[in-house]
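Which chain is which? The protein sequence lines are P and C, in order. Counting from 945, one number per residue, gives the positions in the first sequence under this note's numbering. Counting from 945, one number per residue, gives the positions in the second sequence under this note's numbering. First the structure, in the form of structure tokens, and then the observations on it.
2 protein chains.
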Amino acid sequence: MSGREKVSKSKRGRPRSIEPQEVAVVALQLFEQEGYEGVTMEQIAEKASVSRRTLFRLFPSKVDLLWGGAEEILDVVKERVKALPSGKMTLKEFVYDLLMPALGRLDEPWLASLARRRLRLIMASPALLDHAALHEMRLFLADLIRSRVSPQKAPPELLAGSIASVAFAAILWWAQLDESPMSVQEAFISAFSSLAEVSSLAQEADVSA
Amino acid sequence: MSGREKVSKSKRGRPRSIEPQEVAVVALQLFEQEGYEGVTMEQIAEKASVSRRTLFRLFPSKVDLLWGGAEEILDVVKERVKALPSGKMTLKEFVYDLLMPALGRLDEPWLASLARRRLRLIMASPALLDHAALHEMRLFLADLIRSRVSPQKAPPELLAGSIASVAFAAILWWAQLDESPMSVQEAFISAFSSLAEVSSLAQEADVSA
DNA sequence: TACACTTTTGACACTTGGTGCCAAAAATAT
DNA sequence: ATATTTTTGGCACCAAGTGTCAAAAGTGTA
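Here it is in structure tokens:
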């Protein structure tokens, strides 16, 4: 669904003429200059010195050029899950032990700047905002909550959707910042903290439209 | 951005050959039969007895055929805002007096069924999940919070993004239901309620990756 | 009725994202 | 050398979306 596909095991066959990662960087620069919609795949291909067809093989769709780094976040969660003791955990543990470390990845200096540049472009084009990567994330989290988190009031799918959405909202907000003021993790906590004020009323809610 | 554009004031000129709403219904039926991607705009145009060009004039993009009903939700918020006393409100009031009534619109019987059908198709195609309508919603809510809600710990943009996201997650989850079990509003409250458990820990959070 | 005006319609050509297919290129293994 | 493997790129094609423009189909006025 995004750059760097399966790495060929055997040393045989014609080698890559270019690393997908480099192509994504070329595209990013072009997008920043001319805007996402102002750049055609043909232009990217030309600047990256590959054919249009090859470009589409490296990045099945144009949006993948910007969303390519998204699985790295999900990968962190998956790694942590592997190293998890069997049995159920609380929702708190789920958020703090699995989700927070994944968000922390964005705060790593070498990635933060690149991620911000990508996310700013994504925010500028509503068509880019959602993506298969996010969808996959929701499904994965829902599975995880269903199987590994002790039962909650709300159903797993709803929880996964909510939490993932808040996380993404935090990421988007963070991306607008210039450098330091707040980390992704702090933004995430801050969002939750403010939501607590609202949810504290949930019990006594009268749903009279 | 979606069906039914500006209604022509003067009675002059050639009348519409078809109501956009009817076209959207035709499209919805086709999508349900063949899947969103399995139906071309040409097929929709033919079945609706308009030209392809006219179809694109009524619905600037294919996704608008499904997202067309979205502004109705936002309209409710806008109406309520107009009738609002001057001065600031709390975040609770913001959620319960402005957002909840808007969500309640989806629970109206005549719309619920149609909305579910649309949303199920939207969920089935990741490419459809986000849309300009959602983006607009986030921006609008951020503006609203900034101007009309008393200051919170988290910045307005982050709050707007989080709350809108949770609302949308609740809507998506609700759409999967068959008929009655829970209303959109109840799902929204339920999501918040479960998030409260997590956010209660926010104060003592140690952000050690 | 005739004419002006207004608005919608549909036809055509064009750009762009995306895909299927296949032969050529470029490497390795025997 | 030759077979095998893998990437490349050219070509044709489909579908979404846009600009342009003349024709169609109504209303208002003389």
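Every residue, glycine too, gets a C-beta built ideally from N, C-alpha and C.
**OP:** Give a yes or no on whether 8 Å exceeds the smallest Cβ distance from L1116 (chain P) to chain C.
**Re:** Closer than 8 Å: yes.
Original post:
Within the 8 Å Cβ cut-off, does L1139 (chain P) reach chain C?
Top reply: Yes, contact with chain C.
**OP:** Could you tell me the distance, in whole angstroms, from the CA atom of L1065 (chain C) to the CA atom of L974 (chain P)?
**Re:** Our two residues, L1065 (chain C) and L974 (chain P), have alpha carbons roughly 34 Å apart in a direct line.
Subject >> Cutoff 8 Å: A1014 (chain P) Cβ touching any chain C Cβ >> reply: It does not; no Cβ of chain C falls within 8 Å.
Original post:
In terms of DSSP beta bridges, what is V1093 (chain P) paired with?
Top reply: Its beta-bridge partners are P:M1033.
Original post:
Between the Cα of K1036 (chain P) and the Cα atoms of P:I962, P:R1092, P:R997, P:V1007, which residue gives the shortest distance?
Top reply: Taking K1036 (chain P) as reference, the option from P:I962, P:R1092, P:R997, P:V1007 with the minimal CA-CA separation is P:R1092.
Original post:
Got a sec? Which residues, its chain only, sit under 7 Å from A1046 (chain P) by beta carbon, not counting five neighbours each side?
Top reply: Closer than 7 Å at Cβ, skipping near neighbours: I1017, V1020, V1021.
Original post:
Grouping DSSP H, G and I as helix and E and B as strand, with all else coil, what is A1119 (chain C)?
Top reply: In this structure, A1119 (chain C) counts as helix in the three-state DSSP scheme.
**OP:** Using beta-carbon positions only, say whether A1113 (chain P) and S1137 (chain C) come within less than 8 Å of one another.
**Re:** A distance of 8 Å or more separates the beta carbons of A1113 (chain P) and S1137 (chain C).
**OP:** State the Cα-Cα distance for the pair A1014 (chain P) and L1002 (chain C), rounded to the nearest angstrom.
**Re:** Cα to Cα, A1014 (chain P) sits roughly 35 Å from L1002 (chain C).
Original post:
Looking only at its own chain, which residues have a Cβ that is under 6 Å from the Cβ of W1117 (chain P), when we skip the five neighbours before and after it?
Top reply: Same-chain partners within the cutoff: A1131.
Subject >> Helix, strand or coil at E963 (chain C) according to DSSP, with G and I counted as helix >> reply: Coil, per DSSP.
Original post:
Are the C-beta atoms of K1097 (chain C) and some chain P residue less than 8 Å apart?
Top reply: With 8 Å as the cut-off, K1097 (chain C) counts as an interface residue toward chain P.
**OP:** Below 7 Å CB to CB, which residues in the same chain sit around S954 (chain P) once its five sequence neighbours on both sides are set aside?
**Re:** So the list is empty, once near-sequence residues are dropped.
**OP:** Anything in chain P within Cβ reach of L1102 (chain C), meaning under 9 Å, just list it in chain order.
**Re:** Within 9 Å of the CB of L1102 (chain C), the CB atoms of chain P belong to A1113, A1114, L1116, W1117, W1118, A1131, S1134, A1135, S1138, in sequence order along the chain.
**OP:** Could you name the residues of the stretch 958-983 of chain C whose beta carbon sits closer than 7 Å to any beta carbon of chain P, in the order they occur along the chain?
**Re:** Within the stretch 958-983 of chain C, no residue qualifies.
Original post:
In three-state terms, what does DSSP make of T998 (chain C)?
Top reply: Helix at T998 (chain C).
**OP:** Establish whether the CB of S1094 (chain C) and some CB of chain P are separated by less than 8 Å.
**Re:** Chain P, which has no Cβ nearer than 8 Å to the Cβ of S1094 (chain C), makes this no.
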